[in-house]
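For the protein sequence lines, the chains are A and B, in the order given. Residue numbers for the first sequence follow UniProt numbering, so the first one is 1 and each next one is one higher. Residue numbers for the second sequence follow UniProt numbering, so the first one is 1 and each next one is one higher. All C-beta atoms in this analysis are idealised placements derived from N, C-alpha and C, irrespective of residue type, glycine included.
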Amino acid sequence: MKKRIAFTLTWKRIAGLLAAGVAAALAVSLSGLVSIAASSGHFAPVGWFLHWTMQNAVARQSLGISVPEDIDLSDPALVQRAAGHFATGCAPCHGAPGIEQSPVVLSMTPHPPRLEGQIGEWADRELFWILKHGIKYSGMPAWPTQERDDEVWAQVAFLRAYPEMSPQTYADLALGGERGTIDEGVEGSETAGFDGITADALTDCARCHGRDGLGRGEGASAGAFPVIAGQSEAYLKATLQAYDLGFRHSGFMQPPASRYPDEVLDALAVWYSEQPLPGPAMPAQSDGAQTTAADPRGDIAPETAMDDGIPPQIFPTANRSDAAFSIEAAAGGLPEGDEAALLDLGRTIAEQGIPSRKIPACNSCHAKEGRAKNDLYPYLGGQPAWYIDTHLHLWKEGTRSGTRFAHLMDKIAIQMTDEQIEAVSAWYASRPLGQ
Amino acid sequence: MPDARSLKPCRAERRAKPWNSVFQSPRPPHKASIAVGASALSAKTLTHGARCPSFAAKRLGLTTLLLPLALSGCVGPQSTFGGAGSEAAAVEALFWFMLWGAVFVWVVTIGIAIYATRVSPGRHSERTGIRFILIGGVIFPTVTLAGLLVYGLKMMPEMRSEANGPTIAVSGERFWFRVAYGVEGEPGVVKSLPPGGVESANEIYLPVGQRSELLLGSPDVIHSFWVPALAGKMDMIPGRVNRLVIEPVREGVYNGVCAEFCGDAHAQMGFRVIAVSPEAYAAHVEAQSQPAALTSGPGLDAFMKNGCDACHTVRGTEADGAIGPDLTHLASRRTLGAGLLAMSEENIATFVRATDHVKPGVEMPSFGVLPDAEITAIAAWLGALK
C-alpha cells in the first residue's frame, strides 16, 4: 500500500516556503562558512560551470554588435592608438609580449589568462562586448566610459594584432620604444626642472603623444593620435581636468588624467603648449593662402557648390540667396569617392559655414592664426580626420563634454550631416598643423 | 432668476464659491484672469436676490473692477479688434456684421419657436407651416449665406491687390524673425527669399497709408506670420515664398507672433510692427542701412575673440555671421530675444549670460561661461549700437 502524504499547496504555504528559503540562505551566509578564499581555487565542476555561463552570456549578449563600416580592424593606426592603453590598462594583469604575468596576478581566482592563445577563440563582437562591459566577479573591469565605442574598437584591433606581436614591436608601440626611456641626453636637460613624478608623467604621455606632442606612429599608423603640441595651455589644462573629473569621456585618457595630481597636469599642459609645431614652410600652406584670399563666394567650385540637386531650370541661380546658400551635401549627395569635391565642401564649411543650415564657419573660433581667439578654443588644422569626425559625432549624439565651452558645439554639430562632418574633417586634416 | 445657492447663508457661500480664491488671492490679478471670467458670471447671478447686500455690493464692485481685465484680450497691441490695418479693419467689419446678423436670426428663430409652442400652438395649418419652413429654413439661409459669401469673397481681391509700398522680406527662423527692407523678388514655389536689402530682426517698420508687400519664407520649419491688429495670418514655408500685403491705417506699435507651433521656444517667438509715416519709414530704413555706430573697443574685441561673429553680423566690423540676428543696430530695437525682453544693456547681459534660461529652447548657446567682465563689455557695446 502506498502511503499518501496529505499536503495541499496554498498561497500561504508558498509564501512560507519562500521565506524559509531566504532565511536559510541568510543563515548560511551568517554562519561564515562559505568558501570565498582565492587560495582554494574553484571546485572543478563549479569552475567549469561558471566559465561556461560566462561564455554563453558573452556569445548571446554580443549578438547585436557588428564592426562599424568605417572601422578596419587591420588598420595599424588603430593598433597604435590602443597600444599605450594596453600597457597600463591590460598588461598589469594579462601580461604582454616579453612581459610575464606577476605571481600576484596569478594568485587571483579566476586568474587572468594570458591573451595570446585566448583571442582567437572569440569573435570581434565578443571581444568588443567583453572590453566594453567587463565581466562581473572575475576582476575584468568594464571600459572606463560607455560612450566611446570607437576606443573599444581600437582596442579590439590591437588584440587582433596581439598574438603575432614580437616583444620588440610591443615595446615600440606601447612603451614608446627607444624614446620612452626616462630622460636622457638633450631631452633630459629640457625637463631638468621637473620633479620625478612630472618627468614620469611626461614619459607616460609620451608613450602615445610623443614628447613633442605630435603623436607617435609613422607610415601606415601615422595620425593615430590628435596633435597636442602648441595648443593653448588653458585648453590643455581644462581638457586634462575634464578627463580627470569624468566630464570628457575616454577610456584612454581618463585613467592617466586621474593618475596625477593637478600640479602635474598643469606642468604637462605647459610642456605641451610650448612644443613647437613643424615649420610653416609646407607647400600646402601657400596654396591655402592663395585660395582664401580670393573672392569668398566665387572660388568654391562654382558649378557644383551652388547646386543643391534642384535643376537650374526650376531653381535659377538668380533666385538663390545667401540665406539659402546650400550645396550638394546639404541634401546629402556628393559623388562617391570624389576627393576634390569633398575637400571643397570641407573648406566651405570651415571658412564660410553653411548659414542656411545653421552651420557657422569653424574658423570663426578655431583658426589659430590671423585673429584673437579665446584660449579655450583649440586649433584644428592638421588634426587627423578620424579625430575631428569622431568628436563631431559624439557632440551630435550629445555625449561630448570637455572644457566649459564644450556645449557651444552641441548646437552646431547637431545641424551637420555625416557627409558634412566627413568633409570638414578631411579638410582640416589636409591643412598644415596649427592652422 | 434667483440662484438656489444664493439663499444659503453668506458664510457657506463664501466657503463654497470658486471666486473666493480670487477674492482673497495674494497673486497679482492678471495671473488669475481666467478665474475672473468665471467669477464675473457667478457674481452677477448671485447678487440677484442675495440676502447679504453688503457682500453682494462688494462682489459687484469686484466684478466691475476685474471685468476689464477679463476683456483685456480684446484691446491692446495684439488685438484683432484694433483695426489698425486695412485688412484687419475689413475683417473686423465683417465680424461685427456677422455677429449682429447671427444675433438677429437667433432672436427671431427663438421668438417664433416660443410663439409656436407657448403663445398659440396649433393656430396655423400644416400647409402654412411647411411653406414657412421652406421660406425660413431653406430659401432665407441660402440667400443670406450666398450674400455673405459674395461679401466675403469680394474682400479677397482687395487683400491680394498690388502693393504700392516697399517690399520687405521676412524669414521665420527658429525662434526669431529675420527682416530685410527693400528687396526685389517675387513669391513662388521652390524659391528662397531674395537676397540683399537692409537687414534687421524682430522688428518691422511699415509706412502708414501704403500697401507694403511682405515676402515670407523660412529656412527650417513651417512658421506663421501674424500681426492680429493689422492683418490675417500667412504661413512661412521652407522652399516657398508667400506674399502678404499689409496696409497700416494708424500709426502705432503692434505685436506680431509666430502662429504655427515650431519648437520649444515657439511661444517666445514674437516681433513688433511699428507703423509710421512714409517719411519716418524712409528715415528708419536709411538709418538701419548705416554701419554700426561703434566699431572698436573692448566689447567688440570680446565679441570677436569668443567667436560671436560666427553667427552674428555687425556691419562695419569683421563680424559677418549669417546664422543669428543682425546686431548692427541692436539697441535701436524695442525688444531683445524676439519680443521677449525690453531692450536694455542689463537685459543684453542677461540674455548672453543665461540664454537658455531666459528663452528655453533657444538655438543660441548660453555664454554664461565667459568672464563677467567680457559679458559686461559685450553688453555695453551692443547696448550702444543705436
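- Per DSSP, the unbroken beta strand (DSSP E) holding B:Y205 starts and ends at 203-207.
- Residue ranges of uninterrupted alpha helix (DSSP H) with 4 or more members, entirely inside the region 46-110 of chain A and ordered along the chain, are 76-85, 91-94, 103-106.
- The Cβ neighbour count for A:Q146, taken over all protein chains shown within 10 Å, is under 16; the residue is labelled exposed.
- Annotation for B:T128: the continuous alpha helix (DSSP H) segment containing it runs 126-132.
- Within the same chain, and ignoring the five residues on either side of A:V28 in sequence, the residues whose Cβ sits closer than 8 Å to its Cβ are V34.
- Contact residues of the region 33-57 of chain A toward chain B are absent (C-beta to C-beta distance below 8 Å).
- Between the alpha carbons of A:A19 and A:R13 lies a distance of about 10 Å.
- According to the DSSP secondary-structure assignment, B:N255 is paired through a beta bridge with B:R272.
- In this structure the region 162-169 of chain B does not touch the region 265-276 of chain B; the number of beta carbon pairs closer than 8 Å is below three.
- If only uninterrupted alpha helix (DSSP H) runs of at least 4 residues are considered, those enclosed by the UniProt domain "Cytochrome c" (341-432) of chain A are 363-366, 385-397, 410-413, 418-430.
- Under the Cβ distance rule, B:D372 does not count among the residues neighbouring chain A, no pair being separated by less than 9 Å.
- For A:H249, no CB of chain B lies under 9 Å from its own CB, so it is not counted at the interface with that chain.
- Put simply, the region 181-190 of chain B does not touch the region 250-258 of chain B. Fewer than three CB pairs are less than 8 Å apart.
- With its beta carbon at least 9 Å from every one in chain B, A:R400 lies outside the interface.
- Rounded to whole angstroms, B:G217 and B:S289 show a C-alpha spacing of 22 Å.
- Listed along the chain, the chain A residues whose CB falls inside 8 Å of the CB of B:A310 are G353, P360, A361, S364, C365.
- Note on geometry: alpha-carbon atoms of A:C362 and A:T53 lie some 51 Å from one another.
- For B:G307, the nearest CB of chain A lies under 9 Å from its own CB, placing it at the interface with that chain.
- A:Q383 counts as buried, since at least 16 other C-beta atoms from the protein chains shown sit within 10 angstroms of its C-beta.
- Put simply, the CB of B:G172 is far from chain A, with every gap to its CB atoms at 9 Å or more.
- If you check the CB distance, A:S364 and B:A310 come in under 9 Å.
- Within the UniProt domain "Cytochrome c" (294-386) of chain B, the residues whose Cβ lies closer than 7 Å to any Cβ of chain A are, in chain order, D301, M304, K305, N306, G307, D309, A310, C311, G321, A322, I323, E363, P365, V369.
- Interface annotation, A:A229: not in contact with chain B, CB-CB separation never under 9 Å.
- In the displayed model, A:W271 falls within a helix according to three-state DSSP.
- Only those residues of the region 408-419 of chain A whose C-beta falls short of 8 Å from the nearest C-beta of chain B are listed: L408, D410, K411.
- Sequence-distant Cβ neighbours of A:M108 in its own chain, meaning closer than 7 Å and more than five residues away, are A38, G139.
- No residue range can be given for B:N164, since it is assigned to no alpha helix (DSSP H) and is classified by DSSP as neither H nor E.
- Not one beta carbon of chain B lies nearer than 9 Å to the beta carbon of A:A242.
- Straight-line spacing of the CA atoms in B:D235 and B:G263 works out to 15 Å.
- If you look at B:E346, you'll find it in the alpha helix (DSSP H) that goes 345-353.
- In this chain, the alpha helix (DSSP H) harbouring B:E92 covers 86-114.
- Collapsing the DSSP output to three states places A:W129 in a helix.
- Interface criterion not met: the Cβ of A:Y428 is under 9 Å from no Cβ in chain B.
- Flagged as an interface residue toward chain A: B:S192, by a C-beta distance shorter than 9 Å.
- Segment contact: the region 82-101 of chain B against the region 246-253 of chain B, three or more CB-CB distances shorter than 8 Å; contact assigned.
- Under the three-state reduction of DSSP, A:I5 is assigned to coil, being neither helix nor strand.
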